[in-house]
Amino acid sequence: MRERTNQEWLAELAGPGPEREEALADLRARLVRGLGYAMADRPDVTEAHIEGFVQEALLKILDNLDAFRGESHFTTWAQKIAVHEAFTELRRKRWENVSLDDLIDRYEGDFTPAILTDPDPSPEQQVTQGALLRMVKRFIAEELTERQRQAMLAVVFAGMPTEEVARRMHTNRNALYKLMHDARQRLQRRMRDAGVSLEEALAAFESDSR
Amino acid sequence: MIESSRIKRAVRSILTTRPDEIGCEECLARMDRFVEMKLDGKDPAEAMPLVQDHLQRCRDCHQEFEALLRAIQAVADRR
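Line by line, the protein sequences are chains Y and Z.
Terminal number for the first sequence in the working numbering: 335, no gaps in between.
Terminal number for the second sequence in the working numbering: 86, no gaps in between.
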């Protein structure tokens with residue numbers, strides 16, 4: 126494969142004729158290889174999947190050449206789009222049969238955490254953790270909007286991808302992250318107002334990194 | 008029952024929330040540069056602390072970051 130500068134990639138992909146075809150074929154081959162390595166640990170992803178993801182990514186890349194800011198190699202930027210495309214599709218597929226309402230119902234009644242049966246922490250830590258968790262649970266109920274509460278439960282406690290929760294809540298991943306950031310800020314403020322030392326509370330939850 | 012590790016992470020994420028966090032859009036916009044710096048042996052976490060912070064908080068972005076890193080590294084190694 127011929128090496129190209131960023132300018133050459135852009136010019137050839139935007140230009141007419143055989144140069145464009147060659148650049149497109151080279152880029153496709155490069156993205157397929159890269160995505161193959163990136164997905165090597167996923168037995169559920171076949172070569173045909175990868176070629177499909179790359180095909181979709183190429184359409185987006187060609188439509189958005191203007192958005193390339195030149196802060197990396199063009200091929201790294203393009204690979205990023207292919208990776209994003211692949212994960213968007215894989216997450217959609219993995220979660221397609223899961224309803225947000227069911228998930229929230231399941232986790233909402235069950236906030237009483239396994240942490241209280243966790244063998245790791247010391248008795249003092251268990252008390253602190255238990256008290257803090259009850260507080261967090263109460264503040265989530267009192268302080269957050271319905272959408273914030275749903276998003277936090279689904280993403281943070283149930284482990285659903287932000288992107289999938291966003292799709293179900295008719296928003297996008299960036300906006301949902303910001304909604305949850307706002308929710309975390311509210312909860313943090315409320316804890317501080319209640320006299321919780323954030324440093325001490327953090328220490329009680331840093332017994333391990335799991 | 009919710010896994011205890013998830014609850015701990017959740018509480019830690021509340022306690023460590025900072026006002027200047029960036030969103031997924033900005034993280035993704037800078038991810039290609041971040042990955043290249045890392046592969047060049049530089050310290051992207053120091054140069055782009057808010058991207059690093061976001062990657063530690065957002066599973067979706069972190070997953071894409073790890074995959075991009077593997078892709079670029081593998082293609083570069085075998086060039």
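Think of the CB as a built atom: it goes at the ideal place given N, C-alpha and C, for glycine as much as any other residue.
Measure the alpha-carbon distance for R231 of chain Y versus N222 of chain Y and round it to whole angstroms.
Here the question's residue 231 of chain Y lines up with position 106 in the first sequence. Here the question's residue 222 of chain Y lines up with position 97 in the first sequence. Roughly 15 Å separates the two Cα atoms.
For T201 of chain Y, the three-state DSSP class (helix, strand or coil)
Reading the first sequence from its first residue, position 76 is the one you call residue 201 of chain Y. Three-state DSSP puts T201 of chain Y in a helix.
Nearest by alpha-carbon distance to H209 of chain Y: which of Z:D27, Z:R64, Z:T24, Z:D39 is it?
Here residue 209 of chain Y is taken as the residue at index 84 of the first sequence, counted from 1. The option with the nearest alpha carbon to H209 of chain Y is Z:D39.
Are three or more beta carbon pairs between the segment 209-218 of chain Y and the segment 48-65 of chain Z nearer than 8 Å?
In short, these stretches do not touch, since the Cβ pair count stays below three.
Output needed for L301 of chain Y: all residues of its chain with C-beta closer than 7 Å, excluding positions within five of it in sequence on either side, in chain order.
Within the first sequence, residue 301 of chain Y is the residue found at index 176, counting from 1. The answer, listed in chain order, is A276, T287, V290, A291, M294.
Shorter than 8 Å from the beta carbon of P26 of chain Z to some beta carbon of chain Y?
As a position in the second sequence, residue 26 of chain Z is number 19, starting the count at 1. For P26 of chain Z, the answer is yes, since a Cβ of chain Y falls inside 8 Å of its Cβ.
Looking only at its own chain, which residues have a Cβ that is under 7 Å from the Cβ of N189 of chain Y, when we skip the five neighbours before and after it?
Stepping through the first sequence from its first residue, residue 189 of chain Y is reached at position 64. None.
Check whether the Cβ atoms of T201 of chain Y and E43 of chain Z lie closer than 8 Å to each other.
Translated into positions along the first sequence, residue 201 of chain Y becomes position 76. Translated into positions along the second sequence, residue 43 of chain Z becomes position 36. Closer than 8 Å, so yes.
Buried or exposed (CB count within 10 angstroms, at least 16 for buried), M126 of chain Y
In the first sequence, residue 126 of chain Y corresponds to position 1, counting from 1. M126 of chain Y comes out exposed.
Look up K49 of chain Z in the DSSP assignment and say whether it is helix, strand or coil.
One-based indexing of the second sequence puts residue 49 of chain Z at position 42. Coil, per DSSP.
Need the endpoints of the alpha helix (DSSP H) that H61 of chain Z sits in, please.
Residue numbering aside, residue 61 of chain Z sits at position 54 when the second sequence is read from its first letter. Counting along the chain, the unbroken alpha helix (DSSP H) around H61 of chain Z starts and ends at 56-64.
Neighbour list for V58 of chain Z in chain Y, Cβ cutoff strictly below 7 Å:
In the second sequence, residue 58 of chain Z corresponds to position 51, counting from 1. Around V58 of chain Z, no beta-carbon contact reaches into chain Y at under 7 Å, the shortest distance being about 12 Å.
Step through the CB atoms of chain Z and report whether any lies within less than 8 Å of the CB of H174 of chain Y.
Position 49 of the first sequence, counted from the start, is the residue given in the question as residue 174 of chain Y. Closer than 8 Å: no.
For a contact defined as C-beta to C-beta under 9 Å, what are the partners of G48 of chain Z on chain Y?
Stepping through the second sequence from its first residue, residue 48 of chain Z is reached at position 41. Per Cβ cutoff of 9 Å: no residues; G48 of chain Z is ~16 Å from chain Y at best.
Residue of Z:Q63, Z:D84, Z:I79 minimising C-alpha distance to I29 of chain Z:
Residue 29 of chain Z sits at position 22 when you count from the first residue of the second sequence. Selected option, being the one with the closest Cα: Z:Q63.
Is T253 of chain Y close to chain Z? Criterion is C-beta to C-beta, closer than 8 Å.
Residue mapping note: residue 253 of chain Y aligns to position 128 of the first sequence, counting from 1. By this cut-off, T253 of chain Y is not an interface position.
Go ahead and label V82 of chain Z buried or exposed: buried means 16 or more other beta carbons lie within 10 angstroms of its beta carbon, across all protein chains shown.
If you number the second sequence from 1, residue 82 of chain Z lands on position 75. The residue is buried, with at least 16 neighbouring Cβ atoms inside 10 Å.
Proximal residues, the segment 295-311 of chain Y versus chain Z, C-beta separation under 7 Å
R298, N299, Y302, K303, H306, R309, Q310
Since I believe N131 of chain Y is in contact with G98 of chain Y (beta carbons under 8 Å), could you give me their beta-carbon distance rounded to a whole number of angstroms?
With chain Y covering only 126 through 335, there is no way to say anything about residue 98 of chain Y.
Can you list the residues of chain Z that L228 of chain Y reaches, using a CB-CB cut of under 8 Å?
The count along the first sequence starts at 1 and reaches residue 228 of chain Y at position 103. Near L228 of chain Y there are no residues of chain Z at all, since even the closest Cβ is about 12 Å away, more than 8 Å.
Spell out whether any CB of chain Y is found under 8 Å from the CB atom of R62 of chain Z.
Within the second sequence, the letter at position 55 stands for residue 62 of chain Z. The question names Arg, yet the displayed sequence has Leu at residue 62 of chain Z. Not closer than 8 Å to any Cβ of chain Y, the Cβ of L62 of chain Z fails to qualify, so no.
Quick one: grab the DSSP three-state call for N222 of chain Y.
Taking the first residue of the first sequence as 1, we reach residue 222 of chain Y at position 97. It is coil, neither helix nor strand.
Using three-state DSSP, classify S334 of chain Y as helix, strand or coil.
In the first sequence, residue 334 of chain Y corresponds to position 209, counting from 1. Here the model assigns S334 of chain Y a pLDDT of 45, short of 50, so the residue's position is not dependable and the matter cannot be decided.
Between the alpha carbons of A17 of chain Z and R77 of chain Z, how many angstroms are there, rounded?
Here residue 17 of chain Z is taken as the residue at index 10 of the second sequence, counted from 1. Here residue 77 of chain Z is taken as the residue at index 70 of the second sequence, counted from 1. Distance between the alpha carbons of A17 of chain Z and R77 of chain Z: 28 Å.
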